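Following: one structure in structure tokens, then a few remarks.
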Amino acid sequence: MLVAADSQACGALIGHWVLVHVGFAMSRLNEAEALETLQLLQQMGEVESDVSAFLGQGG
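In full-length UniProt numbering, the protein residues as written are 1 to 59.
Rendered as structure tokens:
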């Protein structure tokens with residue numbers, strides 16, 4: 001799977017947010033969009049336990 005053409009391009013992606021579904025990045029988001037999406041998923045009870053644990057919210 002091609003993520004970036006070279007290590008410099010790959011390094012430029014560090015710190016960006018992505019929406020992931022079944023292990024594949026579906027789209028890039030800015031931080032505000034990422035936080036809004038996470039909040040909506042939490043309200044729907046759709047946040048996986050490993051994500052909740054990572055966020056320090058138990059599991």
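Each residue gets a CB set at the ideal place from its N, CA and C atoms; glycine is no exception. These numbers were taken from a predicted model, which means no experiment stands behind them.
C-alpha gap between residue i and residue j, whole angstroms
i: GLN43; j: ALA34; result: 14 Å
i: LEU55; j: SER7; result: 29 Å
i: HIS16; j: SER49; result: 22 Å
i: ASN30; j: VAL47; result: 19 Å
i: MET1; j: LEU41; result: With a pLDDT of only 47 at MET1, under 50, the local geometry of the prediction cannot be trusted, and no value is derived from it.
Residue i - containing beta strand (DSSP E), residue span
i: ALA34; result: Careful: ALA34 lies outside any beta strand (DSSP E), inside the alpha helix (DSSP H) at 31 to 43.
i: VAL47; result: Run containing VAL47: none; DSSP gives neither H nor E here.
Identified DSSP bridge partners for residue i
i: HIS21; result: PHE24
8 Å CB neighbourhood of residue i in its chain, flanking five on each side removed
i: SER27; result: VAL18 and LEU19
Host alpha helix (DSSP H) of residue i (start-end)
i: GLY11; result: 7 to 11
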